[in-house]
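Beneath this line is the structure, given in structure tokens, with notes to follow.
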Amino acid sequence: MQKYISQHNLDTLLDTLIKRGIRVVAPRMNAGIPLYEPLGSSGEVVSDTLPRRSAKEAFFPVCEDIMSYKKEGQKVTITDIDPGRFPETVLFGVRPCDAAAIPVLDAVFSWDYKDEFFLERRKKTTIIGLACTAADDACFCTAVGLSPSASKGSDLFLTALEGGGYACDTCSEKGEALIANNQALFDGPSTSNPIPFAEPQTDTFDLTKVKAWLNDHFEDPLWDGIATRCVGCGACAFVCPACHCFDIVDEGTEKAGKRRKNWDACGFWKFTHHASGHNPRDLQPKRYRNRIMHKFKYYDDKFGQTLCTGCGRCVRICPVGIDIAAIVEEINKK
Amino acid sequence: MHPEKQKHTFEPKIIAFVCTWCTYAGADLAGTSRMQYPSNVRVLKFPCTGRIDPVFILKAFQQGADGVLVSGCHPGDCHYIAGNFHARRRFAVFRKLLEFVGVDLNRLQFSWVSAAEGGKWVEVVTDLTEKVRSMGPMTEFKELALEEQWSGTIDTPELQEAYNAI
Amino acid sequence: MSRIGVFICHCGENISRTVDVERVAQEIGRLPGVSFSTDYKYMCSDPGQNLLKNAIKEQKLTHVVVAACSPRMHEKTFRKAVEAAGLNPFLCEMANIREHCSWVHENREEATVKAIDIVGMMVERVKKNRVLPTITVPVTKRSLVIGGGIAGIQAALDIADCGHEVILVEREPSIGGHMAQLSETFPTLDCSQCIMTPKMVDVANHPKIKLYTYSEIERVEGYIGNFQVTIKKKARSVDEDKCTGCGVCITKCPQKKIPNKFDCNIGLRSAIYVPFPQAVPNTPVIDRDNCTKFKTGKCGVCQKVCGPGAVDFEQQDTLIVEAVGAIVVATGFDLYTIDEKPKGSPIKGYGEFGHGKIPDVIDGMTFERLASASGPTGGKILRPSDGKEPKQIVFIQCIGSRAREKGISYCSKVCCMYTAKHTMLYHHKVHDGQAYVFFMDARTPGKSYDEFWRRSIEEEEAVYIRGMVSRLYQKGDKVVVMGSDIAVGVQVEIEADMVVLATAIQPQKGADSLAQKLGISYDKYNFYSEAHAKLRPVECATAGIYLAGACQGPKDIPETVSQASAAAAKVMTLFSKDQLEREPIVARVREFGCVGCFACKKVCAYGAVEEKEIRDRQGNLVKTVAFVNPGVCAGCGTCQATCPSKCVELDGYTDEQVIAMIEAL
Amino acid sequence: MTSLIDTTIYSAITEAIRVEAARILSEGEVTAVVGYAAARRKGSAQPIVINTAADAGQLIFTPSCVNNLAVYLTKAKKEISKTGKIGIVVKGCDLKALVGLMGESQLKREDMYLIGVPCIGVLASTVQPATGLTAETIAPKCTECDAHLPQGCDFVPAQTPVVTKLEHKYAAEIARLEALTPAERWAYWKEQFTKCIKCYACRQVCPFCFCEQCLCDRNKPQMVDTTPRPAGNAAWHIVRAMHLAGRCAGCAECERVCPMDIPLNLLNRKMAMELKELYDYEAGFDVLDKGPLTMFTDKDDQSFIK
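Residue numbers (my numbering), protein chains in the order written: chain A, 112 to 445; chain B, 4 to 169; chain C, 74 to 738; chain D, 1385 to 1690.
Below, the structure written as structure tokens:
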């Protein structure tokens, strides 16, 4: 059932949650750029711009400890991180493209191995999505079957209304519970019209067709043509809401240290570098091919979903202007 | 015989990177001459100051050094002809970089100490130790080492303990 | 997993007095990887070393740390002991808890804590130590000696007598050097030529010595054991093989008015000449700058009179490449001149002393030629201006030497002695003459030296005046010398017939450019630098190159000969094995990661870094990488600190070892 | 609002580049030309490698042609096949990188055909590609440019860049930071470095980061922590700035491509200023045997050494 919440009440909601000791993560400015980060107060929220990094880091941190070790004499003590210590979190102001990526990640982190770090954070987090009212020409959510008003992945979904305030849709039990705990701040449905949704200017891809082409074209001149440009950084994967590769490293000294899990990217030469010295993806086109293949074929093969939500971040930040939307568009036309 | 040693609340950790031919030998001479200096310094021996990589200095600070000393042969005395000349340029630039990112250069000392200058070794080490002692602990890198991206942060007792230790 | 053995030395009480060695051994014993930790009274003693050796065997130790004195003291001792027990010597490290700890700290607690840190640091380091095999370099058992003076001759003879070939290169047409110019030598007054010329002949006749006179070093490549030397043999215009040394050409040469450099330009020679009668080789050379044939195209008398047809006006300079394993540099000295020096020169002249302007002011070497029986005056002391015998003669010492304001601060060492000798020679030849000597101090250390000097005063009646000369000028046919006698405190004025200046000893001209070719270092005066002033006075810092004689600093003949023999001994040490073994502390390139930016090559002071092409099986060039020649590398590690990707690594001081030490603290 | 900077000569330059590229390709002087082409997004440009004269029409030069294409010629980017001589479109700032690379044995002049671009300026990374060029939207490096007209190229279009004098953005920011206390500077850089996610875009676009294996990618020993935590990030950026000191010629690509907007070029400019002051050295003008940190003189400053 749809509800209404005024801007004032929304701010009150966030501040109340913060006061209750719940971590509220929302887009805010940090050193000149918008990022999803824990708020000190509701006033810090910036809602008119897409954060530079996606919301995935609320569940899949840039870097996290998974274990620590200490050596004393001949004795080695290992301490596991207790996921039970992860804080209750409300993730607010999440864009449809970011929110939609979260169920995509759920699939991979609860597949053959249950990643308790991801799942515990996921369990403790309530997601409040926000409909999108502005897009630039890098945005292409509509091309991959989403939309600026898609509530996929959200527990509550807000739509900004003309004249102020938000329409609030409940999408899950977690969302219901949040409303139930803060009844007074919500009103019945409003009759105001939503502020017009953003309209990304791209054609819709036929993802089945794209996948069919990829099935048959592991080797294709397309890869060399496009990917000679790629310089092999990890920027696209790191800003992507759905990319989820990680690396595990031990950092420390002979005496003490940590085992850490941090983001990794298939664009790196080191990503597939074997201990033997061999590298099956020795050249950049092979690495870039993997990015496309994983997003539009392999993930679909395994989980029946596309690993791209059209947020356009990789398009905006690619140092050499590689445009995934343009590439898929080209495949789509084949 | 000796005056009562003053008790200090803070004992700085000083790491010295020295060349084997001049400064290490100078420190040996201070030893054979039974000169006395603060025990805070830990000496790492290199064949030549030319071998000393700026990364070592960075690493020393990261590992908790409160002060770092780099010392080698006087210009013209290098056992390897010119290693100290290369080092001189390298460190002239590196210290400017550290200064620019906010490291207080009072914690980073460079010196020429020859194999004959046991006294100068004592003086350099004593001065640096006392200077750093008066500045207090170098907290910047230690704090940084404990910081996490917000998403990876969890309040563990050991983390708290580490913070308190700084 | 490493099994490290740690041995803490008490050093009698030197360490244990301030460091609680038992506690150090206990604490270190708890470190990961340490399987044996103990303390002992004297680790360097035989029982101490046996303790170490037995522990290696019994405890199956893989690495060893000896915490004792400075590694500068006993690193070799313990590495040898470790090797004797079957471990690679480079798996042993020393922790310095004496010079750097127990001797410099009084507080027992502080010193003990520091000692634990020091030893702990070395334990972490030694874990990362790798087995370093001794480096072997093939040795070419031939040597090059540069300079044919007494130093070069002695070194060449000593090496050749041991059966190894020597290439002796001399810039002048004859070997002999300065010693051949001297009349008599101190402190025994034996005739220089009498003792010198037999050695010169020995050189000429020695089957193992290949002599290149009138030749210079053009280029030196390679490294210890494996040098390639390019020698430029200047055109002599006389075929050495055909010439019999009969000397007819010299007699017939119409151009005979050329000042002879050998006689300090007071005697004359012909355009085709040998510098002195006993020259070796006794083959004339044509001075092309002064030869009428070369200047005008006319003459050619020498060619016409030469029976064997040895004179060859068309002869060209030739380049010869010789492979040698060791080089002895014996380029000798030159004398300081007191004339005005070019502007900006760090060395100043003595314009006020009139050398070059007043003909009867000469230097010591000129006096030697005057006194020499084979000299231009046949051994009579006759002054250059009018050929009269000087009855009053003044010698002035320390001209240039010990004169910081003139740019030379060192003592030339031989002048006191040769001036004393000059007064004697003078007195022997001019019985009614009087010699005066102005001197600062008389420096006469050396066997029978002081006795010799005293003899010049007590028996040969030389008058020594302690003080400096303030002015010197010509008055009629006299040279007036004004100075002070500081011993008495009076001004002195002597109307002399001749003045002899004891000018300073300087390195040969061009010493610096030769050093650059050889890759050896030199001081601000261009004297060559020895590797260590006390303990390696014969070797250069550059391996395989040795010094003999005055090119390294002022020396007299006995010293020069000693050093030459020492250099020869060093060469023989090198040649005693087919393969040269050296400490494996050298840089190595990881070719896999090297991108060939050659920053390493740019900073290497030894030229040890070469470019190496990596090719695939088809022979296509894959990339060009750096290669460090282990024979040349001195092990400073400047390359590694400079390499951005750390693809060149100094064995024994790797980043892994250094980082392990830093992390241990 | 500031007025538009006049870039009308760029269309004539585009035409000249196309004609020249077509000529050198058809005459066989080069086997490929690295240049810029239009991309999907409005006003955007991307690097392109063309191999035939027929493709020369794709080449453009606009204020969006921000990349330093020199990176495509360095050894670390093996994907551009070295089949022969390569033509490359270079701005003055890009050319400086090529000069440095020649000095470091990575490139040979005879292997390149340089098409120089008379450049007025390009867009900052913080604005959309279709934005007009103004004093606000221009890339910071262009405000300090001293190489609008590249020297020593094989071909330079005849157009003369008319340059507007702008406030030097880096110099101003460096002066501001230098005036702070060490603690304040530390706080500033800590905030900036904390944002870093170790995507290594700065390294990958840098013409001078041509190492086959970066020091920071090695783990024996781990000289620099690889995790994107504040400590490892700071170490990475400090080490990188040191490795570029005396080499970086200021193309500012590292800063442009940083998805987290870390002002990395400030570090490089600061180092360049120090090298200028200490050793009177400026990178990128001449192909030199030795850079300032691979040489020395016995008169070098040592006032900081006891």
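Positions of the beta carbon are idealized from the N, C-alpha and C atoms, including for glycine.
Keep in mind the model is a prediction, meaning the values are calculated, not measured.
Original post:
Which bits of chain A does residue 163 of chain B rub up against, with CB to CB less than 8 Å?
Top reply: In chain order: nothing, as chain A lies at least about 12 Å away.
Item to check | DSSP state of residue 5 of chain B mapped onto helix, strand, coil | outcome: Confidence in residue 5 of chain B is poor, its pLDDT being 49 and thus under 50, which makes the residue's placement unreliable; the coordinate value appears in the next sentence. Of the three classes helix, strand and coil, the one that applies to residue 5 of chain B here is coil, per DSSP.
Report the option in C/408, C/480 and C/333 whose CA atom is closest to the CA atom of residue 419 of chain C.
-> C/480
Q: Please work out which residues of its chain come closer than 6 Å, Cβ to Cβ, to residue 1617 of chain D, disregarding the five sequence neighbours upstream and downstream, and give them in chain order.
A: 1577 and 1580
In its own chain, which residues sit with a C-beta less than 8 Å from the C-beta of residue 398 of chain A, not counting the 5 before and 5 after it?
-> 338, 341, 343, 377, 378, 379, 380, 382, 383 and 392
| field | Any C-beta of chain D under 7 Å from that of residue 671 of chain C | value | yes
Worksheet item: Which runs of the beta strand (DSSP E), 3 residues or longer, sit entirely within the region 249 to 323 of chain C?
Response: 282 to 285, 288 to 296 and 299 to 306
Exercise for the section: Give every residue of the same chain whose Cβ lies closer than 8 Å to the Cβ of residue 552 of chain C, excluding the five residues on either side of it in the sequence, and list them in chain order. Expected result: 427, 431, 433, 434, 467, 545, 546, 568, 569, 570, 571 and 572
**Request:** Spell out whether any CB of chain B is found under 7 Å from the CB atom of residue 1553 of chain D.
**Result:** no
Review point. At a Cβ threshold of 7 Å, is residue 419 of chain A touching chain D?
Key: no
Extent of the continuous alpha helix (DSSP H) run through residue 172 of chain A: Residue 172 of chain A -> no alpha helix (DSSP H), and no H or E assigned at all.
Does the CB of residue 1425 of chain D have a neighbour CB from chain A at under 7 Å? yes
Just to check my reading of the structure: residue 1508 of chain D and residue 1522 of chain D have Cβ atoms closer than 8 Å, yes? What is that Cβ distance to the nearest angstrom?
6 Å
- Query: In the structure shown, what three-state DSSP assignment does residue 252 of chain A receive?
  - Reply: helix
What separation, rounded to the nearest whole angstrom, lies between the Cα atoms of residue 242 of chain A and residue 278 of chain A? 10 Å
Note down, in chain order, every chain D residue with its Cβ under 9 Å from the Cβ of residue 155 of chain A. Neighbours of residue 155 of chain A on chain D: none; closest Cβ ~15 Å, over 9 Å.
Output, in sequence order along the chain, the residues in the region 92 to 112 of chain B whose CB is closer than 8 Å to any CB in chain C. 93
| According to DSSP, what are the bridge partners of residue 739 of chain C? | Here chain C covers residues 74 to 738 and nothing more, so residue 739 of chain C does not appear.
Would you kindly report the start and end of the unbroken beta strand (DSSP E) that includes residue 507 of chain C?
-> 507 to 512
request  = Reducing DSSP to helix, strand and coil, say where residue 272 of chain A ends up.
outcome  = strand
### Task
Pick out whichever of C/640, C/404 and C/77 has its Cα sitting closest to the Cα of residue 109 of chain C.
C/77
- Task: Return the bridge partner residues of residue 683 of chain C from the DSSP annotation.
- Result: C/700
message = Taking 7 Å as the limit between beta carbons, can you name the residues of its chain near residue 129 of chain A, skipping five residues before and five after?
response = 135, 150 and 152
Checklist line | Buried versus exposed, by CB contacts within 10 Å (16 or more), residue 1621 of chain D | finding: buried
- Buried/exposed call for residue 139 of chain B, threshold 16 Cβ in 10 Å: exposed
Item checked: chain C contacts made by the region 31 to 52 of chain B, where a contact means CB separation under 7 Å -> 31, 33, 34, 35, 37, 38, 39, 40, 42, 45, 46, 47, 49, 50 and 51
According to a CB-to-CB cut-off of less than 8 Å, which residues of the region 696 to 712 of chain C neighbour chain B?
707, 708, 709, 710 and 711
Between the C-alpha atoms of residue 303 of chain C and residue 589 of chain C, what's the straight-line distance to the nearest angstrom? 14 Å
**Report entry** Limits of the unbroken alpha helix (DSSP H) element including residue 239 of chain A
**Finding:** Run containing residue 239 of chain A: none in the alpha helix (DSSP H); it sits in the beta strand (DSSP E), 236 to 241.
#### Entry: Euclidean distance between Cα positions of residue 146 of chain A and residue 1644 of chain D
9 Å
- Query: What are the boundary residues of the alpha helix (DSSP H) that includes residue 437 of chain C?
  - Reply: 437 to 444
According to DSSP, is residue 65 of chain B part of a helix, a strand, or is it coil? helix
Exercise for review: Assuming residue 1469 of chain D contacts residue 1414 of chain D (C-beta within less than 8 Å), just tell me the rounded distance between them.
Suggested key: 5 Å
Considering residue 1576 of chain D, what are the terminal residues of the alpha helix (DSSP H) in which it resides?
1566 to 1579
So for residue 280 of chain A, helix, strand or coil by DSSP?
strand
**OP:** Using a Cβ cut-off of 8 Å, pull out every chain B residue sitting near residue 1340 of chain D, in sequence order please.
**Re:** For residue 1340 of chain D there is no data in the structure shown, the boundaries of chain D being 1385 and 1690.
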